[in-house]
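Just below is one structure, and these are the notes that go with it.
Numbering (the numbering used here), first residue to last: 29 to 100.
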């Protein structure tokens with residue numbers, strides 16, 4: 029089974045982040061220290077990556093052998 033991996037590169041901490049609002053599972057949230065990715069909630073749909081206005085999120089998978097594979 030593959031696990032999904034969110035790869036933020038340089039979050040701009042948007043005032044109204046579309047990556048969060050478009051995530052159907054609530055896998056991205058924010059607290060006083062910034063954005064938080066909840067790996068166990070991620071469905072791998074890629075909505076966060078598609079909706080980041082700066083293109084700073086990419087998705088990948090981690091295969092059974094532990095190798096990371098970029099998918100978007």
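The beta-carbon is built from N, C-alpha and C at its ideal position, and this holds for glycine as well.
The continuous beta strand (DSSP E) containing residue 57 extends over residues 56–59. Around the Cβ of residue 55, a 10 Å sphere holds 16 or more other Cβ atoms; the residue is buried.
For residue 83, no beta strand (DSSP E) run applies, since DSSP gives it neither H nor E. Shown here for residue 40: same chain residues with a beta carbon closer than 6 Å to its own, the five before and five after excluded, namely 82 in chain order. Annotation: residue 72 is outside any beta strand (DSSP E) and is labelled neither H nor E by DSSP.
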